[in-house]
Amino acid sequence: MPDRGGEGFTPHDHAASAALSGARILLGDRDEGTAARIAETLRSHGASHVHCVGSVADFLSAGAVPPAPVRLWDVAVWDTGISGDDASLTALLDQWRTGVPGAPVVVSDEAPSTRRAMAALRGRAADMVERGDPDGLVAAVARVLENRADPLRVEGARQAGPRMLVVGAHPDDVEIGAGGIIHRRAHGGWGITILTLSGGANGGDPDRRREEAHRAAEVLGAHLIMENLPDGSISDDSATVRTIERAVAEVDPDVVLVHSESDTHQDHRAVHRATLVASRQVARLACYQSPSATVAYQPNRFVELSEADLEAKLSAIGAHNSQAASRWYLEEELLRSTARYWGRFSRTRYAEPLELVHDNTPLGYYPADHA
Ligand SMILES: [Zn+2]
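Heads up: the sequence shown begins at 4 in the working numbering, then just goes up one per residue.
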């Protein structure tokens, strides 16, 4: 994942515009003349259809009723000058996402500020650009469309159906703690994204570890986002929170899994705390068991694993072969017997435990299958 700017959105790449070819764009702008000029710019970069609206009501109804029976909008652009304050912007984006799932919104703002960017992020906008910068808008729209065309993202990050984001401090943390759950849910139709916050430089060559992490995610059927926070000194400050918030905004998960607070590793505890903040609007959050979890780890959910889930977990962990020789907790016998042990709580042969921290879903409601 490319590094992004301080306000939580990608810096502009003015070169990319081929991705606009054939795109259907819904454009909200307060001013007809400005809208016409932006529309012209988008068309000159290949957009096949640009529909302009000037009010919240027209924007939402254009989203609900596509103008042609082909497909919904590929992307929408929203001028914050129409929606007003930060809270209204977030509310509008929430409403749009509910009515038009899967159509990302690029927010255009007269003078982008951090507060406005946070409001856009809370509404899960795809990007924010300066209203007076048509090149920046074209680049942002192109990037959004390119991301949608990326099969990994379509499968992993934004797939229809339930989505899970699994956050870990280092490569292999997530596989050890929740590899079986990830495999099980991925094969049950869930979109799973793994967010690994550091390259694990303390455990070996970062390039090799990155390759291993990608192979492991592939084995489990998950999409991987790798960030570059400092291994060994990850903090729970706002920079870490923002990094996780970006993944939450991108994935829009139904469930987030992360390290437990009851853990002897300082990075794991920091990631736990930062994830709690970044996931405050996600319906459910639960903690997996890391090898450094303490006896205070108190699981209250047990997810059944099939033999195939456990095998996939072991293969994914095996993909981190730069670690295999030096880490006691990667021994297959231990991993297998741990899954066997937790199985006693779910009356199945194998299980992985979870410590449920919060669950906002109505009692008895679980999308497809609960985690
Ligand atoms: Zn770790």
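Positions of the beta carbon are idealized from the N, C-alpha and C atoms, including for glycine.
Heavy atom of ligand 1 within 7 angstroms of residue i beta-carbon
i, result
"Asp239", "no"
"Ala181", "no"
"His268", "yes"
"His54", "no"
"Ala172", "yes"
"Ser293", "yes"
"His271", "yes"
"Asp176", "yes"
Which residues DSSP lists as bridging residue i, in chain order
i, result
"Phe305", "Pro356"
"Trp99", "Its beta-bridge partners do not exist; DSSP assigns none."
"Met131", "Val110"
"Thr199", "Gly171, Met229"
"Ala319", "According to DSSP, Ala319 bridges with nothing at all."
"Arg27", "His52"
"Ala311", "DSSP lists no partner for Ala311."
"His361", "Leu288"
"Arg166", "Gly194"
"Leu298", "The question names Leu, but residue 298 in the sequence shown is Val. Val298 pairs with nothing; no bridge assigned."
"Ala189", "None, per the DSSP bridge assignment."
"Leu81", "Here residue 81 turns out to be Trp, not Leu, going by the sequence shown. Answer by DSSP bridge pairing, in chain order: Gly31, Val110."
Contact belief for residue i with residue j at Cβ below 8 angstroms, rounded distance in angstroms
i, j, result
"Met131", "Val110", "4 angstroms"
"Thr199", "Met229", "5 angstroms"
"Ser201", "Asp234", "4 angstroms"
"Gly183", "Leu308", "4 angstroms"
"Pro137", "Ile237", "The Cβ separation is near 39 angstroms, so there is no contact."
"Leu260", "Ala289", "6 angstroms"
"Ala22", "Ala145", "4 angstroms"
"Ala296", "Asp257", "In fact, because the Cβ distance is near 24 angstroms, the residues do not count as touching under 8 angstroms."
"Val56", "Phe62", "5 angstroms"
"Ala143", "Pro107", "Rounded, the Cβ-Cβ distance is 10 angstroms, inconsistent with contact."
"Arg343", "Tyr332", "The pair is not a contact, with the Cβ atoms about 16 angstroms apart (cut-off 8 angstroms)."
"Leu359", "Glu335", "The Cβ separation is near 28 angstroms, so there is no contact."
"Val141", "Thr44", "6 angstroms"
"Val244", "Val274", "Not quite, the Cβ-Cβ distance comes to about 10 angstroms (not below 8 angstroms), so this is no contact."
"His173", "Gly206", "7 angstroms"
heavy atom of ligand 3 below 7 angstroms from residue i C-beta
i, result
"Gly25", "In the structure shown, ligand 3 is absent; the only ligands present are ligand 1."
query = So does the segment 120-139 actually touch the segment 81-99, counting three or more Cβ pairs closer than 8 angstroms?
reply = yes
ask   = What runs of the beta strand (DSSP E), each 3 residues or longer, lie entirely inside the segment 213-296?
value = 226-232, 258-261, 287-290
ask   = Are three or more beta carbon pairs between the segment 183-196 and the segment 220-240 nearer than 8 angstroms?
value = yes
ask   = Does the segment 310-328 come close enough to the segment 205-219 that 3 or more CB-CB pairs lie under 8 angstroms?
value = yes
ask   = Three or more C-beta pairs closer than 8 angstroms, one from the segment 310-319 and one from the segment 264-271: is that the case here?
value = no
query = With a cut-off of 8 angstroms, do at least 3 Cβ pairs link the segment 23-35 to the segment 78-86?
reply = yes
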